[in-house]
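Here the numbering used here is used: the first residue of the sequence shown is 6, the next is one more, and so on.
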Amino acid sequence: MVYGGKEFVKDVLFSSWQGQIIDNRGKESKDFASVDQVALQEYFKPGEEIKAMMGWGGIIICSAEVNILDLCRVYIEAISDHTKTCDKCNYCNTGFKEILEVFRDLTNGEAREDDPEFLQTAAKTIIGYSKCSIGREGPVPLLHALKYFSEDFSRAIRERSQVAAGRYYSKLTAPCMDACPIHLDIPRYIERIKEAKFADSLEVIREDLPLPGVVGRVCYHPCEDHCLRANADEPIAIRLLKRFVADQELSSRKQPAYPIISSETTGKVAIVGAGPAGLTCAYHLARKGHPVTVFEKQPVAGGMMAVGIPEYRLPQDIVQAEIEAIKKLGGEIKTSLEIGRDITTEQLRKEGYQYIFISIGAHECKKLGIEGEDLKGVDSGLDFLKEVRSGKKNTLGKRIAVIGGGNVAIDAVRTARRLGAEEAFIIYRRSREEMPAHPDEIKDCEAEGIHIQTLTNPKRIIGENGKVKAIECLEVTLGEPDASGRPHPIPVEGSEFLMEVDGVISALGQESDWACLGPECVCTLSEWGTLKVNPFTMQTDDPTLFAGGDAVLGPQSLIEATAMGKKAAFTIDGLLNGSPLEAGNDDYFDQLFKTVKIYDPNETVKVSEPRDRKPVTKLPSETRKSSFEEVEKGFSSPEAVAESERCLRCYRVVTVAV
Ligand SMILES: Cc1cc2nc3c(=O)[nH]c(=O)nc-3n(C[C@H](O)[C@H](O)[C@H](O)COP(=O)(O)OP(=O)(O)OC[C@H]3O[C@@H](n4cnc5c(N)ncnc54)[C@H](O)[C@@H]3O)c2cc1C
Ligand code: SF4
Numbered sequence: 006m007v008y009g010g011k012e013f014v015k016d017v018l019f020s021s022w023q024g025q026i027i028d029n030r031g032k033e034s035k036d037f038a039s040v041d042q043v044a045l046q047e048y049f050k051p052g053e054e055i056k057a058m059m060g061w062g063g064i065i066i067c068s069a070e071v072n073i074l075d076l077c078r079v080y081i082e083a084i085s086d087h088t089k090t091c092d093k094c095n096y097c098n099t100g101f102k103e104i105l106e107v108f109r110d111l112t113n114g115e116a117r118e119d120d121p122e123f124l125q126t127a128a129k130t131i132i133g134y135s136k137c138s139i140g141r142e143g144p145v146p147l148l149h150a151l152k153y154f155s156e157d158f159s160r161a162i163r164e165r166s167q168v169a170a171g172r173y174y175s176k177l178t179a180p181c182m183d184a185c186p187i188h189l190d191i192p193r194y195i196e197r198i199k200e201a202k203f204a205d206s207l208e209v210i211r212e213d214l215p216l217p218g219v220v221g222r223v224c225y226h227p228c229e230d231h232c233l234r235a236n237a238d239e240p241i242a243i244r245l246l247k248r249f250v251a252d253q254e255l256s257s258r259k260q261p262a263y264p265i266i267s268s269e270t271t272g273k274v275a276i277v278g279a280g281p282a283g284l285t286c287a288y289h290l291a292r293k294g295h296p297v298t299v300f301e302k303q304p305v306a307g308g309m310m311a312v313g314i315p316e317y318r319l320p321q322d323i324v325q326a327e328i329e330a331i332k333k334l335g336g337e338i339k340t341s342l343e344i345g346r347d348i349t350t351e352q353l354r355k356e357g358y359q360y361i362f363i364s365i366g367a368h369e370c371k372k373l374g375i376e377g378e379d380l381k382g383v384d385s386g387l388d389f390l391k392e393v394r395s396g397k398k399n400t401l402g403k404r405i406a407v408i409g410g411g412n413v414a415i416d417a418v419r420t421a422r423r424l425g426a427e428e429a430f431i432i433y434r435r436s437r438e439e440m441p442a443h444p445d446e447i448k449d450c451e452a453e454g455i456h457i458q459t460l461t462n463p464k465r466i467i468g469e470n471g472k473v474k475a476i477e478c479l480e481v482t483l484g485e486p487d488a489s490g491r492p493h494p495i496p497v498e499g500s501e502f503l504m505e506v507d508g509v510i511s512a513l514g515q516e517s518d519w520a521c522l523g524p525e526c527v528c529t530l531s532e533w534g535t536l537k538v539n540p541f542t543m544q545t546d547d548p549t550l551f552a553g554g555d556a557v558l559g560p561q562s563l564i565e566a567t568a569m570g571k572k573a574a575f576t577i578d579g580l581l582n583g584s585p586l587e588a589g590n591d592d593y594f595d596q597l598f599k600t601v602k603i604y605d606p607n608e609t610v611k612v613s614e615p616r617d618r619k620p621v622t623k624l625p626s627e628t629r630k631s632s633f634e635e636v637e638k639g640f641s642s643p644e645a646v647a648e649s650e651r652c653l654r655c656y657r658v659v660t661v662a663v
């Protein structure tokens, strides 16, 4: 398995990573063989050089200071911490406990002659009998240690001396968990579904995420793109399983139970914007007992979940039920109050809010910048969707052109179709492959018979009596990649052609309106007009101001917004309780896993029984054209349980010596 053939940045004394054995021990550094299986960074965190790493892929030793037995001890300790809470396979549970005892003896000067043999047998038994990757892969580096470091074991038995404990960091993750921006414990919540413990599964999700019903419907599911099961057949339907447990609670009319573990010191926090970032921040702060108030300029809370994403993908009762639960927890939400207009940040500070989290999203639509843009019948995508959501717009002309290739364009064109446009189509300047919209969205759009006119650029909008009548376009060819990494669209001179239309919707992206920031705010904007933050703490250049979501990333996704809201809540809670403002170990592991990939699309995965992913029912295309009814139906209980049984529980533990 090759991880992109990236160069190893450190000299390595020994590596067994992914089966490639490099043994430079006893060689001069000029004769060192290099490792091409993984790119390991120099430092784990500032000032802490990586001396060794042990994990599912094997062992990497970079420094002669590392004691392999101590490294094994800590690694097995980290695995045992997990297996204690798992309790699925007896061999795994008791086996790792026994292995740990042996390593404690080996490093305590109490080694016995038969320890290596015992370790070998125990490791092989766990590998042979375990149901998940912790058991099947976890002991692998141990076997490598026994094979390639046998002299270290013999010395420990001979000399029976105590080993000085080194400094280590360990982490449990899984390919899907690592890819999820908020790092939901996906294997754990799926396991609960397998056991038909649906409420428990939801509880696992809510440890991080307060919007399971929403995210279970419209998340772009980066987890599924990194699901190891896909290497054998198809990825687990992780998103739909999340939706399933959320829907179970809603249909049973049960009230969600949230344990509140109040922090020692609490403080007043203001949140600007009740979108997924702000609501998640409020949720985590409220769970820690902080009095938190969310200020929202719209009459309804939810951000894009309430005003942008259309009903046929995200029913409003789901959004509002999850917001109600956050309110019950203690998060106060004040709607129809715009910060910067109705109240200033300075007033908030005077009212005793110690910290402010800015999560205003990106709601200002970018202009087309062409003639005719101000004609009647030309709308911007987001404003159009907002008007439909609020019931202000319910009719359109017959032929509607939507300009853009992103998710807003797709939602706008599908909405236009549902409002009665006989022909609603997309105009996009690059080819279908370059469309930034999620592939699932494009598929659904095409399934509704919507035409996507690619390689076409609008030149001007033509009107009659002040109202749009036609759009003049140019054909486009694609040139070399531009700054966005995509081929540069080059309009073909003289290729102008006219399309008669009754309306034009432009969906070229959105940016944030920074009128909310008072003159006393000393934060800085990036060259893209987003707020600059420390990515580990979410703090802006103003020490009392934090920010997250689209306001920081530009238009992105719900799950990224929630991840930033959670991170900010933890930083603010830490500050209120005297913790230093710094990146956490999890942040450093996130960095490490950018090069030490947890998911490898080329990894061979064997499954005992190939089983395709459960298909989900959708409304027939014909019905969809005229209805705002939710398109995608959820799983039934038997379907959800059957799908959860496909999960391989790919937990992986990594220990880093520094
Ligand atoms: C049409 C559309 C479809 C999308 N579909 C998906 C999808 O399927 N999946 C997905 O993952 N993502 C999707 N997204 C993106 C996703 O909705 C956003 O990335 C996400 O909502 C960002 O969350 P946020 O909390 O940062 O901002 P928002 O959700 O935009 O919330 C910001 C809130 O702040 C409020 N606000 C702004 N200024 C002020 C102020 N001065 N005072 C008080 N309140 C203020 C706004 O009214 C808004 O309610 C979609 C976006 C759009 C527009
Ligand atoms: S099979 Fe299960 S644990 Fe493994 S990556 Fe997929 S969802 Fe995660």
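Every residue gets a Cβ at the ideal spot worked out from N, C-alpha and C, and that includes glycine.
- Note on Ser364: 16 or more other CB atoms within 10 angstroms of its CB, so buried under the neighbour-count rule.
- With a cutoff of 9 Å on beta-carbon distance, Gly386 and Ala417 are scored as near each other.
- Between Val506 and Gly377, the C-beta spacing is not below 9 Å.
- The shortest CA-to-CA distance from Gln321 to any of Phe640, Gly336, Gly396, Gln352 is the one to Gly396.
- With contacts defined as CB atoms closer than 9 Å, Cys652 and Glu196 qualify as a contacting pair.
- The residues Asn462, Val481, Pro494, in chain order, have a CB closer than 6 Å to that of Arg434 in the same chain once the five nearest residues on each side in sequence are set aside.
- Pairing Tyr263 with Ala330 gives a Cβ-Cβ distance under 9 Å.
- Val79 places its beta carbon less than 9 Å from that of Ser175.
- By the CB criterion at 9 Å, Val277 and Phe300 fall inside the cutoff.
- The beta carbon of Leu479 lies closer than 7 Å to those of Asn462, Lys464, Pro496, Val497, Ser500, Glu501 in the same chain, with the five residues before and after it left out.
- The DSSP-derived three-state label of Ser20 is strand.
- Membership of Asp252 in the alpha helix (DSSP H) is indicated by the continuous run 243-256.
- In this structure, Ala520 has its beta carbon less than 8 Å from a heavy atom of ligand 1.
- Look at Arg618: its beta carbon is at least 8 Å from all of the heavy atoms in ligand 2.
- Within 8 Å of the C-beta of Ile408 there is not a single heavy atom belonging to ligand 2.
- Ligand 2 has a heavy atom closer than 8 Å to the beta-carbon of Tyr656.
- With a beta-carbon spacing of about 28 Å, His188 and Ser21 fall beyond the 8 Å limit used to define contacts.
- Taken through DSSP and simplified to helix, strand or coil, Leu503 comes out as strand.
- Taking C-beta separations shorter than 7 Å and ignoring five residues to either side along the sequence, the partners of Ala279 in its chain run Val299, Glu301, Ala306, Gly307, Gly308, Ile338, following chain order.
- In this structure Ile408 touches Ala512 by the C-beta definition: roughly 6 Å separates them, less than 8 Å.
- With a cutoff of 9 Å on beta-carbon distance, Ala406 and Ile432 are scored as near each other.
- Here the alpha carbon of Arg244 sits roughly 52 Å from the alpha carbon of Glu33.
- In the DSSP assignment, no residue is bridged to Arg163.
- With respect to Ala237, Val621 sits apart: the two C-beta atoms are not nearer than 9 Å.
- Annotation for Ala414 indicates a beta carbon at 8 Å or more from all heavy atoms of ligand 2.
- For Gln458, there is no enclosing alpha helix (DSSP H); the residue is part of the beta strand (DSSP E) that begins and ends at 456-458.
- By the CB criterion at 9 Å, Asn582 and Glu269 fall inside the cutoff.
- Look at Phe430 here: in three-state DSSP terms it is strand.
- Below 8 Å, too few C-beta pairs join the region 589-605 and the region 208-227 to call them touching: fewer than three.
- A distance below 8 Å between beta-carbons, with the five flanking residues on each side excluded, links Pro615 to the following residues of its chain, in chain order: Ala237, Asp238.
- Distance from the C-beta of Ile447 to the nearest heavy atom of ligand 2 is not below 8 Å.
- Here Gly60 is not near Phe101, since their CB atoms are 9 Å or more apart.
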